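Remarks on the structure that follows.
Residue numbers (our numbering): 115 to 292.
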């Protein structure tokens, strides 16, 4: 079950800070964005969401290096962090409002296939925040430096339970980062 109190508390904390958030979702398929956007006024803190189910989408949209996917796998700490930081970079605009915080989730909600080596319920959740913006000398291109952390979870239940647990725990991690 989605914990609406956590969703509301995150909204209030972001509003107090005047900060925007962006989501990078895989196994939740937009669930986090959907629940967050139910809050009236959420557009004041919710920049948007990237749903990158396919490995190529993670590479193309979030700039997750193919080498990270090959070396560590799609369901890994490294991939989750790369997704969160990639969401911040993809949504960064120097002269406009852009997210300061990101939440990324990747995991296995089931059903399992013959190729799966991980247990259903294995989920990595990553949070990231922009620490510093480095402007180039001609002020046309900039880069951002992020602080990121990821955690491994082993959830139980059916597909929807795993997705909801991912949402709730991800928002809690993001609250802790604020």
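Heads up, the beta-carbon is just placed ideally off N, CA and C, and yes, glycines get one too.
Model, not experiment: these values are computed from the prediction.
Residue 272 versus 282, 223 and 232, residue with shortest Cα-Cα distance
It is 223.
On the criterion of 16 or more Cβ atoms from any shown chain inside 10 Å, does residue 241 qualify as buried, or is it exposed?
Buried, because 16 or more other Cβ atoms sit within 10 Å of the Cβ of residue 241.
Check this for me: beta carbons of residue 65 and residue 221, under 8 angstroms apart or not?
Since the first residue of the chain shown is 115 and the last is 292, residue 65 is not available in this structure.
Kindly identify the DSSP beta-bridge partner or partners of residue 130.
DSSP links residue 130 through a beta bridge to no other residue.
DSSP-derived helix/strand/coil call for residue 270
Residue 270 falls in the coil class under three-state DSSP.
Measure from the alpha carbon of residue 189 to the alpha carbon of each residue in 232, 136, 211 and 204, then state which is nearest.
Ranking the options by Cα distance to residue 189, first place goes to 232.
State the start and end residues of the unbroken alpha helix (DSSP H) segment that holds residue 194.
It spans 191-205 - the alpha helix (DSSP H) in which residue 194 sits, taken as one unbroken run.
Would a C-beta distance cut-off of 8 angstroms place residue 165 and residue 139 closer than the cut-off?
Yes, these two residues count as a Cβ contact at 8 angstroms.
Spatially closest choice to residue 245 from 211, 261 and 203, by CA coordinates:
Considering only alpha carbons, the answer is 261.
As a quick exercise: from 194, 160 and 153, pick the residue whose alpha carbon is nearest that of residue 173.
Of 194, 160 and 153, the residue nearest in Cα terms is 194.
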